[in-house]
Amino acid sequence: MDQQLKDPSIVAPEQTRRSSRIGVILTTLVVLSLLAGIVWWTRQQGAPQQAGGGRNAAPMSIVPATIGKGDIGVTLNALGTVTSLATVTIKSQISGYLQRIDFKEGDEVKKGDLIAQIDPRPYEATLAQARGQLARDEAQLKGAQVDLARYQNLAKQNAVPHQTLDTQIALVAQNQGTVEADRASVQSAEVNLTYCRIVSPINGRVGLRQVDLGNYVTAGDSTGLVVITQLEPISVLFTLPEDNLQAVAKRLREGAVLSATAYDRSGANKLAEGSLQTFDSQIDPTTGTIKLRAQFENDKRTLYPNQFVNIRLLLDTHKDVMTMPMAGVQRGVPGTFVYLVNADSTVSVRPVKLGVTDGDRVEVMSGLEVGDRIVIDGADKLREGTKVIVRSAADAASPAGAAKGAASGAAKHGDGPKQ
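Following this line, the structure appears as structure tokens:
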């Protein structure tokens, strides 16, 4: 008997059968656990749908909006750079000492205002010298003309040789040429003298001074004295995809004035309003875009050169169409739809077809009627037939108001605490 118990050939089958039973029990427990988890998960997933669609479920709190009619714009959005219509670097056209600076940095100047003055004394002396040379040569010309008239009378009487007459005619012509050259010298000296007074060629704003008083300036200076930038009016260069070019060109050919509005970099604050002027003559092949220029009066000085702005170009306006808030648009299995608030305080899914979007409003092409009410806040857990309570937009912004509205709605439908 003891030998049989100690025999490995007898003990091994018994251990094998015991291990098999333990494995079957463990496998059964794992399968049962999985089945219990699947049942629990399915019930948890089905619970919100039952709560949202059941007749005895608590109503959901929503904020509605009414479908109305109005105008909606067809707009194109782009990023642009503010560009001055005229930027002038003031440079000296002559050489001399800077005798006077007649502006302050940041001043507004008009066309013709004095900017600076160069020492005029050398140019005044040059002008006086040129005028003296002209007077002397004019006197010589008159003397030669008198002699010519005398020789012509004597030649008629054969009193002088024709060679002498021809020589005098040439001398008069030579003196006339000298006088013309002297007059040109006088004009050149007068022009150089006017260059001593440097005036503004445009209306604009003076920048930072580049040269101090007392410096010797020349016509070859690269930096110049100061830069004047025109700020009124001002333009914005921006780009649009080439696909939009035909629509823009068509409106311009029709004589339409396309309104352009400039916003700051965030796109929230309006800076200025203007109009589209023109577009470039060629498309950039590397980006597939084309440049356009819009002009702004900029009387409030909200735009400055090289400033980045967002441009909203009004291409067209759809008049008297149905509009709704973008907040009410839902997308899912039915496509694009809204939750329509019914007269019995329930909601239903209503597929809609939308048109152009302008800010937070969108055009409704079909699916709704004027006067319909749609859900714009609180649509997260809505289903077909869900009961709702309506709260105002002010309550939606206030958590206390929203809680009060939900409590009053629950009490109204008999879902409050029982006594």
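First residue of the sequence shown? That's 1 in the UniProt record's numbering, and the numbers climb one at a time after it.
Beta carbons are placed, not taken as given, at the ideal position from N, Cα and C, and that holds for glycine.
This one's a predicted model, so the numbers in the text were calculated from it and none came from an experiment.
Could you pull the start and end residues of the alpha helix (DSSP H) that residue i belongs to?
i           : result
residue 77  : That residue, residue 77, is in no alpha helix (DSSP H); its beta strand (DSSP E) goes 68-84.
residue 169 : 162-194
residue 251 : 245-253
How many angstroms separate the CA atom of residue i from the CA atom of residue j?
i           : j           : result
residue 351 : residue 304 : 47 Å
residue 145 : residue 186 : 23 Å
residue 342 : residue 315 : 37 Å
residue 278 : residue 348 : 49 Å
residue 425 : residue 194 : It is not possible to answer for residue 425, since the shown part of the chain is limited to 1 through 419.
residue 264 : residue 360 : 18 Å
residue 20  : residue 40  : 30 Å
residue 136 : residue 184 : 15 Å
residue 60  : residue 344 : 14 Å
residue 266 : residue 363 : 25 Å
residue 125 : residue 132 : 11 Å
residue 382 : residue 64  : 13 Å
residue 32  : residue 333 : 35 Å
residue 22  : residue 36  : 21 Å
residue 114 : residue 234 : 24 Å
residue 356 : residue 76  : 11 Å
residue 286 : residue 240 : 13 Å
residue 176 : residue 112 : 37 Å
residue 138 : residue 181 : 11 Å
residue 262 : residue 384 : 43 Å
residue 134 : residue 196 : 23 Å
residue 150 : residue 222 : 59 Å
residue 54  : residue 346 : Any reading at residue 54 must be qualified, since the residue scores a pLDDT of 47, below 50, and its modelled position is unreliable; no value is offered.
Under DSSP, the beta strand (DSSP E) around residue i begins and ends at which residues?
i           : result
residue 198 : 197-199
residue 315 : 308-325
residue 262 : 259-263
residue 227 : 226-229
residue 383 : First-last for residue 383: undefined, no H or E at that position.
Once the 5 residues before and after residue i are set aside, which same chain residues still bring their CB inside 6 Å of it?
i           : result
residue 230 : 84, 85, 86, 202 and 204
residue 119 : 96, 97 and 99
residue 327 : 376
residue 280 : 290 and 291
residue 252 : none
Just grab the DSSP bridge partners of residue i for me.
i           : result
residue 366 : 353
residue 151 : In DSSP, residue 151 forms no bridge with anything.
residue 339 : 349
residue 235 : 83 and 295
residue 108 : 205
residue 275 : 259 and 295
residue 117 : 100 and 197
residue 330 : 337
residue 390 : 62
residue 290 : 240
residue 211 : Beta-bridge pairing links residue 211 to no other residue.
residue 425 : In the structure as shown, the chain begins at 1 and stops at 419. Residue 425 is therefore absent and cannot be evaluated.
residue 270 : 263
residue 373 : 66
residue 304 : Answer is none; residue 304 lacks a bridge partner.
residue 123 : DSSP output for residue 123 lists no bridge partner at all.
Quick one: is residue i buried, meaning 16 or more other Cβ sit within 10 Å of its Cβ, or exposed?
i           : result
residue 49  : Its pLDDT being 43, under 50, residue 49 is placed unreliably by the model, and the measurement read from it follows with that caveat. So residue 49 counts as exposed.
residue 387 : buried
residue 331 : exposed
residue 52  : A caution first: residue 52 carries a pLDDT of 43, below 50, which makes its placement in the model too unreliable to give a value.
residue 188 : exposed
residue 372 : buried
residue 38  : exposed
residue 309 : buried
residue 380 : exposed
residue 274 : buried
residue 46  : Below a pLDDT of 50, predicted positions are generally treated as unreliable, and residue 46, at 46, falls in that range; the measurement from the model is reported next regardless. Classification of residue 46: exposed, given that the 10 Å Cβ count is below 16.
residue 80  : buried
residue 248 : buried
residue 284 : exposed
residue 298 : buried
To which residues of the same chain is residue i closer than 7 Å at the C-beta, ignoring the five residues directly before and after it?
i           : result
residue 276 : 258, 260, 292, 294 and 313
residue 155 : 162 and 165
residue 89  : 224 and 227
residue 116 : 98, 100, 101, 102, 198 and 225
residue 28  : none
residue 378 : 60, 61, 62 and 63
residue 213 : 98 and 101
residue 190 : 127
Quick one: what's got a C-beta closer than 8 Å to residue i's C-beta in the same chain, skipping five residues either side?
i           : result
residue 216 : 95, 96, 97 and 98
residue 317 : 71, 72, 73 and 74
residue 368 : 67, 322, 324, 338, 340, 350, 352 and 374
residue 110 : 200 and 203
residue 219 : 91, 92, 93, 94 and 95
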